[in-house]
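Trainee:
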Amino acid sequence: MAEKIATRQAYGDTLVELGRENPDIVVLDADLSKSTMTAGFAKAYPERFFNAGIAEQNLMGMAAGLATTGKVPFASTFAVFAAGRAFEQVRNTICYPKLNVKIAASHAGITVGEDGGSHQSVEDLALMRALPNMTVIAPADAVETAKAVRAAAAHRGPVYIRLSRLATPVIFGADYQFEIGKAVVVREGKDVSLFSTGTMLAAALAAADRLADEGIRAEVVNVATLKPLDARTILASLAKTGCGVTCEEHSIIGGLGSAVAELVVENDPLPLTRVGILDVFGESGKPDELLQRFGLTADDIVIAARRVFQRKVCA
Amino acid sequence: MQLSADERRELTEIAQRARRDILTMITEAGSGHPGGSLSAVEILTLLYFKVMKIDPQRPDWPERDRFVLSKGHAAPALYAVLAERGFFSHVELNGLRQLGSMLQGHPDMKRTPGVEISTGSLGQGFSAAVGMALGARLNGGVSRVYALLGDGELQEGQVWEAAMAAAHYQLDGLTAFVDHNGYQIDGPITEVLSPEPIADKFRAFGWAVFEADGHDFAALTDAVGRALVVAGRPQVIVCRTVKGKGVSFMENQAGWHGKAPNREQLAQALAELA
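In order, the protein sequences belong to chains A and B. Each residue of the first sequence is one higher than the one before, starting from 190 at the first, in our numbering. Each residue of the second sequence is one higher than the one before, starting from 3 at the first, in our numbering.
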């Protein structure tokens, strides 16, 4: 059984390391540091940690101001507040002037669980993707998260990193190479491409196993960077397989599914289907129950893959 | 802080030129915000010519003081003063709001030398100023941060989030000004959504509060001098100002918040400001 670590945990741990290596790293939170895991940094470097309190708009504004003084701010809260409550601040004070702020938004998607729909962001990737100058990353596991956080710190400009509450399987090894803007073929195949962003990768891989049993060889591509999208890798995969499925713990509107659909329609129209949240809000429940309830399991990906494969074959 | 008679005279002349530039550039552009630009002139002139530690030749000098125009629509006033101070040529003022111009409709830090942060959406600049003050303190506390807010702007909740944070973090390196001209787009602030009592609110939020006539250089200098020696708390100077100050037909008129004068009106205004 693969080890399970929450991506938010990997974020918190990496922040402490970065804090030690780089005196310009500063961290801000909005009264959620025990959940977002910025508490580790806060304990290690209290003079460089600023709690904005329950005031997310000011959180983002302060982060922007700190960036103008040469600091590298990581600003954290839940995804629903980071992308939602403070959207216009992210837009006008961070993205418009292209300031070097890293927004690490935790508790994204429905695996927030029991807190329910008001706290489960199904729309954060759509919102952040639409902002010019924003880099959008949804790492698949703890290993990729650690590397993505480092890459974000080194990148000049606004970055949005999507993290999960739930402990999820560790997929990548320590030697895994992460690069902003590069999608990675995690498993090769020739019958259908499964594109995954964020922690859906484990389900996509499990789906590929099941499809293999039916004689459908699925190629699994981890699209950790939603923006800029790795068009080359995605189109190359589809050129090989001829049909695709996108997988995300996010609305089918505006996230990975939309991004890939945009690309496909403009370059190489072929059967594509989106696995994601079907334009509904979340609700209270256990994370695993919710993944099932909202159609985000390996079985759901298998059904979608079969369907799109059929469309390809019958075309 | 002292202001000599000569200094006061010089500042007054600069302010007069700035007012002429504001009206001219807005007329040229065909749009802009004269009312709230004219009310802010003395505050900006004092800051850029007397108070702030800055160097137009080194706009990125790390130890410089920072100014944030949180009421970003008063950009013409900022641009006029920046030009006077030598951050860029006067010629640029003619290009306000035009395609490709260095001078955007609201301050753009990426395009205009001397602009410390892009603003325009009210309340946001103030938060950024708080962040700058935090950063300045981490960097050794040699830079001060100044911010100018409108009185209508005080209706934005973010302003109070920022005010709370500034006091919580004891940011005595942050000095804010409120351009209290009493009017916003839809009318007097007391009728639209009254933010009064302004001084009391800031006091309640833990700020040191000073009040001054926002068009009197001596009074402003005195207030700034007293603000700068406050320890442990951010300071705000609530400035009683006149929207449209200097132009008889614009004074105290909500209607001149965001309307450009025509050529005739400009000529009349310039005659008054000669």
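Virtual Cβ for every residue (Gly too), placed ideally from N, Cα, C. Small disclaimer: the values here were computed from a predicted structure and weren't measured.
Suppose you measure from the CA of residue 105 (chain B) to the CA of residue 346 (chain A); what does that come to, to the nearest Å?
Mentor: Looking at the two C-alpha atoms, the distance is approximately 23 Å.
Trainee: Check whether chain A comes within 9 Å of residue 64 (chain B), counting only Cβ atoms and requiring the distance to be less than that.
Mentor: Yes, residue 64 (chain B) lies at the interface with chain A (some Cβ there is under 9 Å from its Cβ).
Trainee: Going by the CB atoms, is the gap between residue 263 (chain A) and residue 297 (chain A) shorter than 9 Å?
Mentor: Not closer than 9 Å, so no.
Trainee: Distance cutoff 9 Å, beta carbons only. Does residue 239 (chain A) sit that close to anything in chain B?
Mentor: Residue 239 (chain A) counts as touching chain B.
Trainee: Three or more C-beta pairs under 8 Å: does that hold for the segment 334 to 348 of chain A against the segment 370 to 389 of chain A?
Mentor: Touching, no, given that fewer than three Cβ pairs across the two stretches are closer than 8 Å.
Trainee: Quick one: residues in its chain with C-beta nearer than 6 Å to the C-beta of residue 168 (chain B), no 5 flanking neighbours on either side, listed in chain order?
Mentor: Counting only Cβ-Cβ distances below 6 Å, and skipping sequence neighbours, we find 132, 176 and 236.
Trainee: Have a look at the DSSP bridge pairing and note the partners of residue 444 (chain A).
Mentor: In DSSP, residue 444 (chain A) forms no bridge with anything.
Trainee: By the criterion of Cβ-Cβ separation under 9 Å, what are the contact partners of residue 277 (chain A) in chain B?
Mentor: In chain order: 123 and 126.
Trainee: As a quick exercise: from A:304, A:254 and A:270, pick the residue whose alpha carbon is nearest that of residue 157 (chain A).
Mentor: With chain A covering 190 to 504 only, the question about residue 157 (chain A) has no answer from this structure.
Trainee: Counting only Cβ-Cβ distances shorter than 8 Å, please list the residues of the segment 100 to 116 of chain B near chain A, keeping chain order.
Mentor: Flagged, chain order: 110, 111 and 112.
Trainee: Give the residues from the segment 199 to 220 of chain B that approach chain A closer than 8 Å (Cβ to any Cβ), ordered along the chain.
Mentor: Listed by position along the chain: nothing, the set is empty.
Trainee: Which residues, in order along the segment 248 to 271 of chain A, keep a beta-carbon less than 9 Å from a beta-carbon of chain B?
Mentor: Answer set for the segment 248 to 271 of chain A: 248, 249, 250, 251, 252, 253, 254, 255, 256, 257, 258, 259, 260 and 262.
Trainee: Do you know offhand how far residue 256 (chain B)'s Cα is from residue 235 (chain A)'s?
Mentor: Each residue's Cα considered, the two are about 47 Å apart.
Trainee: Could you give the distance in angstroms between the alpha-carbon of residue 421 (chain A) and the alpha-carbon of residue 46 (chain B)?
Mentor: Going by the C-alpha atoms only, they are around 52 Å apart.
Trainee: Determine the chain B residues that contact residue 281 (chain A) at a beta-carbon separation under 9 Å, and present them in chain order.
Mentor: Ordered by position in chain B, the residues that pass the 9 Å Cβ test against residue 281 (chain A) are 120, 121, 122, 123 and 126.
Trainee: For a contact defined as C-beta to C-beta under 8 Å, what are the partners of residue 95 (chain B) on chain A?
Mentor: Ordered by position in chain A, no residue passes the 8 Å Cβ test against residue 95 (chain B), which lies about 22 Å from the chain.
Trainee: Would you kindly work out how many angstroms separate the C-alpha atoms of residue 444 (chain A) and residue 315 (chain A), rounded to a whole number?
Mentor: The straight-line gap from Cα to Cα measures roughly 5 Å.
Trainee: Distance, Cα to Cα, residue 273 (chain A) vs residue 335 (chain A)?
Mentor: Distance between the alpha carbons of residue 273 (chain A) and residue 335 (chain A) is about 25 Å.
Trainee: Can you list, in chain order, the residues of its chain with a C-beta nearer than 7 Å to that of residue 277 (chain B)? Leave out the 5 residues immediately preceding and following it.
Mentor: Here chain B comprises residues numbered 3 to 276, so residue 277 (chain B) is not present and cannot be evaluated.
Trainee: Please confirm whether residue 76 (chain B) has its beta-carbon closer than 9 Å to some beta-carbon of chain A.
Mentor: So, not an interface residue.
Trainee: Answer yes or no: does any C-beta atom of chain B fall closer than 9 Å to that of residue 210 (chain A)?
Mentor: Cβ-Cβ to chain B under 9 Å: no for residue 210 (chain A).
Trainee: Measuring CA to CA, which of B:170, B:178 and B:199 is closest to residue 184 (chain B)?
Mentor: Comparing Cα-Cα distances from residue 184 (chain B) to each of B:170, B:178 and B:199, the minimum goes to B:199.
Trainee: Would you check if the distance between the CB atom of residue 447 (chain A) and the CB atom of residue 312 (chain A) is smaller than 9 Å?
Mentor: Contact flag unset, no.
Trainee: Output needed for residue 278 (chain A): all residues of its chain with C-beta closer than 7 Å, excluding positions within five of it in sequence on either side, in chain order.
Mentor: So the list reads 246, 249 and 250, once near-sequence residues are dropped.
Trainee: So that I know if they touch, is there some Cβ in chain B lying closer than 9 Å to that of residue 429 (chain A)?
Mentor: By this cut-off, residue 429 (chain A) is not an interface position.
Trainee: Pop quiz: residue 415 (chain A) and residue 332 (chain A) are said to be a contact at Cβ under 8 Å. What is the actual Cβ separation, rounded to whole angstroms?
Mentor: Actually they do not touch by this definition, with Cβ atoms about 19 Å apart.
Trainee: Determine whether the Cβ of residue 273 (chain A) lies closer than 9 Å to any Cβ atom of chain B.
Mentor: Answer no: the Cβ-Cβ gap between residue 273 (chain A) and chain B never drops below 9 Å.
Trainee: Keeping to the same chain, check which residues put their C-beta closer than 7 Å to that of residue 500 (chain A); ignore five residues upstream and five downstream.
Mentor: So the qualifying residues of the chain are 432 and 460.
Trainee: What are the boundary residues of the alpha helix (DSSP H) that residue 81 (chain B) is part of?
Mentor: Unbroken alpha helix (DSSP H) run through residue 81 (chain B): 77 to 87.
Trainee: Going by C-alpha distance, which of A:306, A:194, A:238 and A:198 is nearest residue 468 (chain A)?
Mentor: Residue 468 (chain A) has its Cα closest to that of A:306, out of A:306, A:194, A:238 and A:198.
Trainee: Extract the residue ranges of the beta strand (DSSP E) inside the segment 119 to 199 of chain B, only unbroken runs of 3 or more that lie entirely within it.
Mentor: As far as the segment 119 to 199 of chain B is concerned, its whole beta strand (DSSP E) runs of at least 3 residues are 147 to 152 and 176 to 182.
Trainee: Report yes if the C-beta of residue 200 (chain B) is less than 8 Å from at least one heavy atom of the ligand SAM; otherwise report no.
Mentor: What this structure holds is no ligand at all, so the ligand SAM is not there to describe.
Trainee: In chain B, which residues lie less than 8 Å from residue 287 (chain A) when you measure between Cβ atoms?
Mentor: Under the 8 Å cutoff, chain B gives 112.
Trainee: Can a CB atom of chain A be found closer than 9 Å to the CB of residue 85 (chain B)?
Mentor: Not closer than 9 Å to any Cβ of chain A, the Cβ of residue 85 (chain B) fails to qualify, so no.
Trainee: Kindly indicate which three-state DSSP category residue 249 (chain B) falls into: helix, strand or coil?
Mentor: In this structure, residue 249 (chain B) counts as coil in the three-state DSSP scheme.
Trainee: Taking the straight line between their C-alpha atoms, what separation do you get for residue 157 (chain B) and residue 195 (chain B)?
Mentor: Each residue's Cα considered, the two are about 7 Å apart.
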